[in-house]
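*Asks:* Mind having a look at this structure? Questions to follow.
Residue numbers (the numbering used here), protein chains in the order written: chain A, 45 to 198; chain B, 9 to 786; chain C, 93 to 376.
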């Protein structure tokens, strides 16, 4: 499945770029993420609980950030699996200065398997868009200094 | 003893209501799920979520630790059990060994990896959730054409070309025909994967009695006796100590013409634990692990002259086999080859079938099994030719039909069609639907900018399987008629109906032959401990083959009854008349009733010379040929150019299925078949993504036809009895599925032909149609 | 297809139910979305509180010029309610398009609304009707508009501890006509797009136009550009077509097996025109 879109962040690309390499910020921004541990150069171990409508599932996986080209682009690979299925996504995020903020364009491929693939086809597009939206919304808040440990977007 | 004999109403040919229905409607029918045994254990199967993966390790400890879990078995435990059986054979066929539980790798989503046995099904399901497998996923391949490409991932590492077999067949000289032809047209036609979706999913209960070395297996199957033979072999048991019971079977459509891993697996578990064990397939498992149908990519080429004479047909058939062979997997596309000439008399064919492994559940027999694909191919090519030649598609068909005087008709593929008058059947269909009037209406609609289509399909099929040399297992069928001392009659048929209504139609046949009320007749089937060996139900064979066996067994009963009757009347067995339940001596007018004869046969006081007590007959009947029903289906449709939505305006089905035993059952078979055929044409599609995930794995995404989506089917029959069997019946179980699909596609292509549309692949979704219209305008 | 084990409560009063919800229990109404997810073990709530049986939430009544509908009223009861058919036919018509008869017999208005499936039918009608949604927790009751309520895909304004208890729809006077037009996904019966139109005309002109859309994107919405384009204009087909063309603008059209983003957007336009035309024809 193709995944593509754009998102706006209210701060310049350098700040946006650094935040997206910062495990602490990522952990807060990734919907449902309970932990993001550095395991190597640009490699992180990920644990998250996805909660969406009545669906909920624990995922364990990893995040790989490569092809660094600060502050223009980088590549992100995410893999996760759990009882309800597995997800593997790979894509390039490109950052552009736009009206003093940043426009992030992302484009990639995602594979979805297991139970969620066999029952949720009609919702994969809308829900993945929702999760991406939540991610950037949260990242925008974090980057703008509106810290929010109490808020839980999941 | 002179009596007034009341004439009994003859029942064959009448719309007798289904005797099966009261128990189905009142919920008292017994399916596998209804089997309850003391200390029954329950199984849940842990399955692969991956299309292709190696298994690094399996950890069952958490599952085993769950209170209530009794055992967990994995691939290493079942090595002593025989693998899944494929009965089909072809020269050079590669047969992967498919163990009943995966060994070191899995090759389709749903591949069984482990089985958890627990005290109840809830604990079993919880236990299966606790199994942990360390997977090493590998690249899957699910598109058969991609699987054939160089460098494609190998489904089975030992066969990197993913090719299970290549099968060639020639008749006449296609190359010469094509060289001499004035027109040669080519088209790639897809017959997509379909999910059979019987209303009742599969299910197995196995009950091992160690003391008797006997195993009883309840399974939702179309072939209890074959299943018994195969299970005995897989489990190393004596065949006579295995009892297979097919209780009420809630549909199969071919998907239960199989012996699956779970049957031997439950047998194995029951033997291991000395406990009865039950497994009921979930709907998701049914989507993922019960065979699929179709799965063709056909490259067709038709050669003809400009006057419309078809000279020959060439076919390259790429069959998506799935990951391994089920019972008949590789044989199904060869049936497509046999039927590729349709009803036409051309003499030249050339066919090649390439059987391709993919990371998907196997394809196998699904209602029509090879014949719908063949019919779709030829009927589409005929329409494509008609469009090219600017000939009326009906006229082109008339021109090429085998004539009514050509029977028995030897086809280009070597079949001998038994009987028919194809032109007469098409005449009826065209007249009933007012074809000429419709074409005028269409011209008017087109002038108004509306897209109205008229699609014709004149299908033929081979069924009533079949002569034994032409089938992977025996092709005969058996029947026992047991008259009880009271004169009540028990019929035991070796075919094992799964919803078609033979408890009704066979009772009609027996009632007429014996002159007893239909309520006196009980039809039993589906239990190997009760019924003599039989082949089963598939290929529209129950009436034409099983009914024929019954016919002959009834003749034996009649002969013996006449002997007893003559003895009782002190008359000549050669001249007494057995009619309306009475045996009458025409000389004296004296008669005895059938019931009196039955009583005498068991009392044993008088035994005719050369006869013996009792009134029981068993016959095994081997057909000399298949039977070949045919028909003409016409669909009038209209396409909404704004949305691409297709509306069926009229559906006309004129079928010739030979003699009809029960028109009500025939209607039901046709309506259901038409629904399934339209399902393929318009909605259904088993879609695997490139990673081997079945993305139409639930009814949320797999479009099963609904009652509200069905057109009114106008139906009529011509009757050309089959000379192959004594009933003159041909078979109707698959006819609707075969006739409807090309009629639907031809109709929509006809509707869009002003836009230059020549072919549309199935399913013809609204979006596909919208894009065709949209694209052609752009 | 066997759910994990869970606790089940069927309290006799809303008050008790709300107390359980406050403790983290998941409300169960008709179960048409939740139960299948549980059987597939995609949803694993530990505690269900059944609010579908609460008589307190099962009513349809007219009050102060509006119709108040309890959350546990089934789709079937909405579809066949004489009060709704007479005074708010849009909601009854919309309910008649949901799933199939079995779903309509079990599924409830409140359950569907709270679930906020992006392809559900009601949101289109509730947006067009400018419906009010009553949310209740153990502590308080608040009323918000449908537009505020439907936040995003499966995301609503419901706070923890709150449930939907009532939906309030207006009774339209005068020359108002409504229509719900749906292009359904043939497998599931969900809307690929569904458009609810509500129009009033005066002297041959549109004096009020409301258009609600579902299915096109991740959330239902009011097509305000379409509404604005028609407001005060001559009530004719040409204007409808021009306005309907704006229905998908600004929306991120969804894509799945059954309809690409492009096709969905096209259908939204086609169905907006159909709904407006049909509503207009009913407004005379």
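Each residue gets a CB set at the ideal place from its N, CA and C atoms; glycine is no exception.
Just the C-alpha distance for residue 149 of chain B and residue 45 of chain A, rounded to the nearest angstrom, thanks.
*Replies:* If you take the alpha carbons of residue 149 of chain B and residue 45 of chain A, they lie about 16 Å apart.
*Asks:* Roughly how many whole angstroms lie between the Cα atoms of residue 261 of chain C and residue 158 of chain C?
*Replies:* Their backbone Cα atoms lie some 6 Å apart in a straight line.
*Asks:* Using a Cβ-Cβ cutoff of 7 Å, what residues of the segment 160–185 of chain A are near chain B? List them in chain order.
*Replies:* Answer in chain order: 161, 162, 163, 165 and 166.
*Asks:* Out of C:291, C:279, C:217 and C:342, state which residue places its alpha-carbon closest to the alpha-carbon of residue 774 of chain B.
*Replies:* The candidate whose alpha carbon is nearest that of residue 774 of chain B is C:279.
*Asks:* Would residue 786 of chain B be called buried (16 or more neighbouring beta carbons within 10 Å of its own) or exposed?
*Replies:* Its pLDDT being 42, under 50, residue 786 of chain B is placed unreliably by the model, and the measurement read from it follows with that caveat. Exposed, because fewer than 16 other Cβ atoms sit within 10 Å of the Cβ of residue 786 of chain B.
*Asks:* Residue 448 of chain B: buried (16+ other C-beta within 10 angstroms of its C-beta) or exposed?
*Replies:* Classification for residue 448 of chain B: exposed.
*Asks:* Pull up the distance between the alpha-carbon of residue 196 of chain A and that of residue 256 of chain C, whole angstroms please.
*Replies:* Caution is warranted here: a pLDDT of 44 is assigned to residue 196 of chain A, below 50, making its placement in the model unreliable, and no coordinate value can be reported.
*Asks:* When burial is assigned at 16 or more other CB atoms within 10 Å of the CB, is residue 633 of chain B buried or exposed?
*Replies:* Looking at its Cβ environment, which holds 16 or more other Cβ atoms inside 10 Å, residue 633 of chain B is buried.
*Asks:* Checking contacts by CB at 8 Å: is residue 8 of chain A closer than that to chain C?
*Replies:* This structure gives no information on residue 8 of chain A, because the portion of chain A shown stretches from 45 to 198.
*Asks:* Using a C-beta cutoff of 8 Å, does residue 355 of chain C count as contacting chain B?
*Replies:* Interface residue, yes.
*Asks:* Any heavy atom of the ligand MG closer than 7 Å to the Cβ of residue 341 of chain C?
*Replies:* Summarising the ligand content, the structure contains no ligands, and the ligand MG is consequently not present.
*Asks:* Would you check if the segment 733–750 of chain B and the segment 316–324 of chain C touch, i.e. whether three or more CB-CB distances between them fall below 8 Å?
*Replies:* No, because fewer than three Cβ pairs between the segment 316–324 of chain C and the segment 733–750 of chain B fall closer than 8 Å, the two stretches do not touch.
*Asks:* Could you tell me which uninterrupted alpha helix (DSSP H) segments, each at least 4 residues in length, are contained entirely in the segment 550–585 of chain B, listed from first to last along the chain?
*Replies:* Within the segment 550–585 of chain B, the complete alpha helix (DSSP H) runs of at least 4 residues are 556–577.
*Asks:* Pop quiz: residue 173 of chain C and residue 139 of chain C are said to be a contact at Cβ under 8 Å. What is the actual Cβ separation, rounded to whole angstroms?
*Replies:* With a Cβ gap of about 32 Å, residue 173 of chain C and residue 139 of chain C do not count as contacting.
*Asks:* Taking any Cβ of chain B, which residues in the segment 273–288 of chain C have a Cβ under 7 Å from it, in chain order?
*Replies:* Flagged, chain order: 275, 278, 279 and 280.
*Asks:* Just to confirm, is the Cβ distance from residue 265 of chain B to residue 544 of chain B under 8 Å?
*Replies:* Yes. Within cutoff.
*Asks:* Counting contacts by CB-CB distance shorter than 8 Å, is residue 775 of chain B in contact with chain A?
*Replies:* Taking Cβ atoms only, chain A never reaches closer than 8 Å to residue 775 of chain B, which makes this a no.
*Asks:* How big is the Cα-Cα spacing for residue 787 of chain B and residue 205 of chain B?
*Replies:* Outside the shown range of chain B, which is 9 to 786, sits residue 787 of chain B, and nothing can be said about it.
*Asks:* Excluding the five sequence neighbours on either side, which residues of its own chain have a C-beta within less than 7 Å of the C-beta of residue 603 of chain B, listed in chain order?
*Replies:* 494 and 495, listed in sequence order.
*Asks:* Could you tell me the alpha carbon to alpha carbon distance between residue 583 of chain B and residue 737 of chain B, rounded to whole angstroms?
*Replies:* Using only the alpha carbons, I get a separation of about 30 Å.
*Asks:* I'd like the list of long-range same chain contacts for residue 76 of chain B, defined as Cβ closer than 6 Å, with 5 residues on each side in sequence excluded.
*Replies:* Only 126, 127 and 131 meet the Cβ criterion.
*Asks:* By DSSP, does residue 227 of chain A sit in helix, in strand, or in coil?
*Replies:* The requested residue 227 of chain A is not part of the displayed model; chain A covers only 45 to 198.
*Asks:* Which residues of chain A have a Cβ atom closer than 7 Å to the Cβ of residue 310 of chain C, listed in chain order?
*Replies:* Those are 170, 173 and 174, listed as they occur along chain A.
*Asks:* Taking just the CA atoms, how far does residue 171 of chain B sit from residue 271 of chain C?
*Replies:* Roughly 56 Å separates the two Cα atoms.
*Asks:* Inspect the beta-carbon positions of residue 331 of chain B and residue 393 of chain B and report whether they are closer than 8 Å.
*Replies:* Cβ distance not < 8 Å, so residue 331 of chain B and residue 393 of chain B don't count as in contact.
*Asks:* Does DSSP classify residue 362 of chain B as helix, strand or coil?
*Replies:* Strand, per DSSP.
*Asks:* Shorter than 8 Å from the beta carbon of residue 701 of chain B to some beta carbon of chain A?
*Replies:* With 8 Å as the cut-off, residue 701 of chain B counts as an interface residue toward chain A.
*Asks:* CA-CA distance, residue 408 of chain B and residue 343 of chain B?
*Replies:* Spanning the two alpha carbons is a distance of roughly 22 Å.
*Asks:* Among A:137, A:171 and A:161, whose alpha-carbon lies nearest the alpha-carbon of residue 211 of chain C?
*Replies:* Of the listed residues, the one whose Cα sits closest to residue 211 of chain C is A:171.
*Asks:* Would you mind reading off the limits of the alpha helix (DSSP H) that contains residue 119 of chain C?
*Replies:* No alpha helix (DSSP H) holds residue 119 of chain C; the beta strand (DSSP E) holding it covers 118–120.
*Asks:* Which residues bound the alpha helix (DSSP H) around residue 166 of chain A?
*Replies:* First-last of the alpha helix (DSSP H) with residue 166 of chain A: 165–187.
*Asks:* Using only alpha-carbon positions, find the residue among C:309, C:337, C:331 and C:366 that is nearest to residue 346 of chain C.
*Replies:* Closest by alpha carbon: C:309.
*Asks:* Restricting to Cα atoms, I'd like to know which of C:290, C:154 and C:283 is closest to residue 267 of chain C.
*Replies:* The residue with the shortest Cα to Cα distance from residue 267 of chain C is C:290.
*Asks:* With 16 other CB atoms within 10 Å as the buried threshold, where does residue 137 of chain C fall?
*Replies:* Residue 137 of chain C should be labelled buried.
*Asks:* Going by other Cβ atoms of all chains shown within 10 Å of its Cβ, with 16 needed for buried, is residue 171 of chain C buried or exposed?
*Replies:* Classification of residue 171 of chain C: buried, given that the 10 Å Cβ count is 16 or more.
*Asks:* Since residue 148 of chain A and residue 133 of chain A should fall inside the 8 Å C-beta cutoff, what is the C-beta to C-beta distance between them, to a whole number of angstroms?
*Replies:* Not quite, the Cβ-Cβ distance comes to about 15 Å (not below 8 Å), so this is no contact.
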